[in-house]
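One structure below.
2 protein chains.
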Amino acid sequence: MTIDDWISPPARLAETGDFSLDELRLATRNHGMPLEMLDLEVTPPGLHYVLVHYDIPLLDREAWRLVVDGHVDRPLTLGLGDLADLDPTTRRLTLECAGNGRARTSPRPISQPWLDEAVGTADWSGVLLAPLLERAGVRAGAESVVFTGADHGIERGIEQDYQRALSIDEVERGEVFLATAMNGAPLPPQHGAPVRLVVPGWYGMAHVKWLIRITILDRPFDGFQNATAYRIKRDPGDPGEPVTRIEPRALIRPPGFPDFQTRGRIVDAGRHVLTGRAWSGFAPVERVEVSSDGAATWSDAEIEPCSAPYAWQAWRSTWHAMPGPTELCVRATDAEGRTQPLEQRWNRQGMANTHVQRVPVVVR
Amino acid sequence: MTIDDWISPPARLAETGDFSLDELRLATRNHGMPLEMLDLEVTPPGLHYVLVHYDIPLLDREAWRLVVDGHVDRPLTLGLGDLADLDPTTRRLTLECAGNGRARTSPRPISQPWLDEAVGTADWSGVLLAPLLERAGVRAGAESVVFTGADHGIERGIEQDYQRALSIDEVERGEVFLATAMNGAPLPPQHGAPVRLVVPGWYGMAHVKWLIRITILDRPFDGFQNATAYRIKRDPGDPGEPVTRIEPRALIRPPGFPDFQTRGRIVDAGRHVLTGRAWSGFAPVERVEVSSDGAATWSDAEIEPCSAPYAWQAWRSTWHAMPGPTELCVRATDAEGRTQPLEQRWNRQGMANTHVQRVPVVVR
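Protein chains in written order, with my numbering: chain A, 17 to 380; chain B, 17 to 380.
So, in structure tokens, the structure goes:
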């Protein structure tokens with residue numbers, strides 16, 4: 017056994033439909049939102065999905081410092097008390113892991129094996145980033161902003177602190193903020209205590225947890241998580257396209273009751289109101305379609321209006337359940353015309369896969 | 017596709033070392049405690065392990081009622097306000113899933129595939145059960161007490177509310193209580209809100225969540241979770257022995273930092289203080305032994321005394337790490353002489369498997 021035996025190699029694809037010990041190790045640590053929690057508009061910690069690349073660091077609130085440096089006139093070092101002087105904000109936002117749906121793709125990239133459940137919606141509170149950067153005095157020629165977390169590990173042979181960058185343009189849109197609270201309480205450790213980045217509308221990898229440094233660069237950032245990991249690519253040599261905003265998705269709150277092991281559902285015949293939620297990181301969801309015959313035919317669901325930009329919207333649809341087995345499906349389309357495909361949009365990292373959810377049901 | 021296609025059959029064994037979709041569906045819902053959280057004496061919700069058989073029910077606090085009936089003189093129906101009149105109690109307790117370690121057994125029973133992480137320690141607060149039963153007037157000849165949760169599902173073909181019973185003798189020991197709070201806050205939905213049973217020292221299956229009924233029987237209880245599911249048996253026809261108290265176990269807080277996918281650890285050469293926690297549902301842990309050479313040789317760790325009965329105890333041990341690969345192991349022995357085996361104690365349900373944890377490490 018040498019160091020090479022467990023330093024994970026470049027992105028791998030599964031050779032069978034079964035799941036490896038590497039995937040299971042991730043699945044027992046990270047967790048999705050049990051889909052019956054679609055009943056809740058706001059997801060509590062412990063039910064909201066969590067994906068952590070390395071170990072969860074436990075940071076001392078008193079000792080915590082945020083450094084703002086790089087291409088600025090006045091580098092800053094701030095404690096939690098200093099953040100209180102900045103513009104406060106609270107946003108209800110749906111967050112989703114970029115790898116949601118990965119375990120349903122074929123061939124399956126080896127990584128955290130999400131089915132459909134890597135999502136959650138919370139009220140994130142904190143302070144806006146733009147005024148803080150103004151205080152630091154970002155110099156002309158700034159191109160990117162690198163956010164560094166306190167979590168440290170090795171990934172495909174590259175030892176690193178978790179780092180993700182946004183372009184200066186994205187930051188200057190004014191939506192990005194530093195969250196110190198989730199649903200009105202201090203951040204739990206697994207969600208980035210004491211401070212995490214929040215990038216409304218973006219997949220989870222952008223929302224850097226355990227934030228300790230913000231560095232302005234006068235060039236693009238070429239770190240692992242931006243340049244290698246979170247890319248949509250089909251071939252190993254393909255530079256690919258960056259993963260950014262959340263593609264539209266709708267989920268059904270599985271009706272009836274489950275079998276413990278298979279999670280198959282048993283439903284009584286008759287009239288049911290199917291419910292669920294739908295979201296998009298690009299624009300409000302404008303259409304939700306439901307199928308109760310395995311995607312053969314579709315009907316439009318009623319959708320609640322967006323309560324907040326990038327927060328999920330509740331939908332409902334009546335279903336007259338006839339005895340026998342069937343499959344319930346749902347798909348969302350947003351105001352910019354983005355929609356969910358019936359077949360996978362395969363890529364080597366298993367990112368941004370929003371093929372429609374299928375809920376097998378037996379009506380009795 | 018018929019109802020039989022996803023009603024899980026009698027207990028199955030895996031045919032390969034890889035994990036099935038049935039197992040993954042459970043693993044993305046339920047979650048363990050990330051092992052670096054062994055740093056914390058008290059585990060917050062979201063980091064404490066969770067195992068839910070069916071769906072998590074969302075119960076209304078105002079509408080919640082607890083019925084006490086069966087072999088009693090005065091059946092009761094109580095709301096949350098009525099519980100305030102009963103004797104309050106707070107206990108720091110380690111809870112562990114009876115299936116912890118299942119995914120490391122061979123051949124592997126198909127169910128929730130835990131590795132080592134299905135554990136957590138919390139401060140559970142509520143009211144003692146014995147005075148409540150006294151108020152109801154348990155009749156002479158009572159034999160068992162059945163606890164029913166509001167969660168409903170089907171398991172190996174048997175549709176059921178989740179139910180577990182304790183003998184009247186176990187209840188009359190006076191330790192069992194109804195918890196309304198975890199770590200000083202109302203129970204989160206996934207831990208049984210608004211009220212769950214707590215049975216100090218027992219594996220998790222006894223701690224019935226979303227408790228709505230307590231029924232006294234003048235005979236033994238033969239429900240599925242007592243008579244079929246939570247049994248230590250080697251053959252399908254074997255009636256087996258009931259799963260009860262938590263067998264001793266110690267865990268190492270993995271040192272160094274991880275590889276994202278394999279969770280293998282990288283550690284710098286030199287002196288390290290290894291830490292972790294150990295527990296037993298029978299008696300205090302009296303001895304913790306650590307091996308840094310893959311269980312070839314062992315040395316005793318220092319152990320903190322028990323802060324509360326059935327709460328885990330911190331341990332520490334110095335390790336002089338020499339460059340190269342190795343495997344760290346730990347095992348606990350309690351005051352009644354129970355200890356952890358090096359090899360699995362195989363049984364068909366994968367229950368109470370406490371073979372020693374092995375943490376592969378490369379020292380650099």
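Every residue gets a Cβ at the ideal spot worked out from N, C-alpha and C, and that includes glycine.
| message | Distance check for R269/A and P204/B, CA to CA, integer angstroms please. | response | Cα to Cα, P204/B sits roughly 20 Å from R269/A.
| task | State yes or no: is the C-beta of T110/B within less than 8 Å of the C-beta of W328/B? | result | Yes.
| query | Going by DSSP, which residues form a beta bridge with V378/A? | reply | I282/A and P341/A, per the DSSP bridge assignment.
| Name the DSSP bridge partner or partners of H47/A? | DSSP lists V66/A as partners of H47/A.
| Along chain B, which residues have their Cβ under 8 Å away from the Cβ of Q206/A? | Under the 8 Å cutoff, chain B gives P50, G62 and L63.
| Are V306/B and S315/B close, meaning C-beta to C-beta below 8 Å? | Yes; because the gap between Cβ atoms is below 8 Å, this pair is in contact.
| task | Please confirm if M177/B has its CB atom under 8 Å from at least one CB of chain A. | result | It is worth fixing the name first, because residue 177/B is Asp in this sequence and not Met. No, D177/B lies away from the interface with chain A (no Cβ there is under 8 Å from its Cβ).
| Does the region 244 to 257 of chain B touch the region 223 to 232 of chain B, meaning 3 or more C-beta pairs lie closer than 8 Å? | No: the two stretches stay apart, fewer than three of their Cβ pairs being nearer than 8 Å.
| Extent of the continuous alpha helix (DSSP H) run through L148/A | Residues L145 to A152.
| C-beta neighbour in chain B for H371/A, strict 8 Å | No, H371/A lies away from the interface with chain B (no Cβ there is under 8 Å from its Cβ).
| In chain A, which residues lie with their C-beta within 9 Å of the C-beta of H87/B? | Per Cβ cutoff of 9 Å: no residues; H87/B is ~29 Å from chain A at best.
| query | Would you call the region 114 to 134 of chain B and the region 360 to 372 of chain B in contact, with 3 or more CB pairs under 8 Å? | reply | They touch, by the three-pair rule.
| message | Helix, strand or coil for L40/A? Go by DSSP, reduced to three states. | response | Taken through DSSP and simplified to helix, strand or coil, L40/A comes out as helix.
| If you count every other CB in all the chains shown that lies within 10 Å of the CB of H47/B, and 16 or more means buried, which is it? | That one is buried.
| request: Measure the Cβ-Cβ separation of R380/B and D251/B and say whether it is below 8 Å. | output: Result no, Cβ atoms of R380/B and D251/B do not sit closer than 8 Å.
| said: By alpha-carbon positions, which one of N242/A, H207/A, M198/A and H64/A ends up nearest to R180/A? | reply: Ranked by how close their Cα comes to the Cα of R180/A, the residues N242/A, H207/A, M198/A and H64/A have N242/A in first place.
| At a Cβ threshold of 8 Å, is S36/B touching chain A? | Closer than 8 Å: yes.
| Residue span of the beta strand (DSSP E) that contains L358/A, given as start and end | It is not in any beta strand (DSSP E) - L358/A carries neither H nor E in the DSSP assignment.
| Residues near V66/B by beta carbon distance below 8 Å, same chain, minus five either side | Result list for V66/B: N46, H47, Q206 and H207, in chain order.
| Segment limits, alpha helix (DSSP H) that includes G97/B | Note, G97/B: alpha helix (DSSP H), L96 to L99.
| Does the count of Cβ pairs from the region 120 to 128 of chain A and the region 359 to 366 of chain A closer than 8 Å reach three? | Yes: the two stretches touch, three or more of their Cβ pairs being nearer than 8 Å.
| task | For my contact list, Y219/B and V259/B are in at a C-beta cut-off of 8 Å; report their separation, rounded to the angstrom. | result | Rounded, the Cβ-Cβ distance is 6 Å, consistent with contact.
| Cα-Cα separation between L148/B and L102/B, rounded to whole angstroms | Cα to Cα, L148/B sits roughly 7 Å from L102/B.
| Quick one: which chain B residues come within Cβ less than 7 Å of P129/A? | At a C-beta separation below 7 Å, P129/A has these neighbours in chain B: L40.
| task | State yes or no: is the C-beta of H288/A within less than 8 Å of the C-beta of A330/A? | result | Their beta carbons are not under 8 Å apart, which means H288/A does not touch A330/A by this criterion.
| said: Could you check whether the Cβ of V84/A sits closer than 8 Å to any Cβ belonging to chain B? | reply: For V84/A, the answer is no, since every Cβ of chain B falls outside 8 Å of its Cβ.
| task | Please go through the same chain and pick out, in chain order, the residues whose beta-carbon is closer than 6 Å to the beta-carbon of P376/B, but skip the five residues on each side of it. | result | Cβ neighbours of P376/B beyond the five flanking positions: G280 and E343.
| Coarse secondary structure for D55/B, derived from DSSP in three states | D55/B: helix per DSSP, three-state reduction.
| request: Answer yes or no: do A100/B and C113/B have a C-beta to C-beta separation smaller than 8 Å? | output: For the pair A100/B and C113/B, the CB atoms are not nearer than the 8 Å cut-off.
| message | Using a 10 Å radius around the Cβ and a threshold of 16 neighbouring Cβ atoms, would you call P271/A buried or exposed? | response | With 16 or more other Cβ atoms within 10 Å, it is buried.
| request: Would you check if the distance between the CB atom of L92/A and the CB atom of A156/A is smaller than 8 Å? | output: Not closer than 8 Å, so no.
| In its own chain, which residues sit with a C-beta less than 7 Å from the C-beta of T59/A, not counting the 5 before and 5 after it? | Excluding the 5 residues flanking it on each side, T59/A has same chain C-beta neighbours closer than 7 Å at M49, M53, G136, T137 and A138, in chain order.
| field | Expected contact under 8 Å - CB spacing of A195/B and R212/B to nearest Å | value | Indeed they touch by this definition, with Cβ atoms about 5 Å apart.
| query | Beta-carbon separation of A294/A and A266/A under 8 Å? | reply | It is a contact, given that the beta carbons lie within the stated cut-off.
| Inter-residue spacing [alpha-carbon to alpha-carbon] between E57/A and I232/B | Roughly 39 Å between the two C-alpha positions.
| Can you name the residues of chain B whose CB is closer than 8 Å to the CB of G169/A? | Those within 8 Å of G169/A in chain B are F273, P274, D275 and F276.
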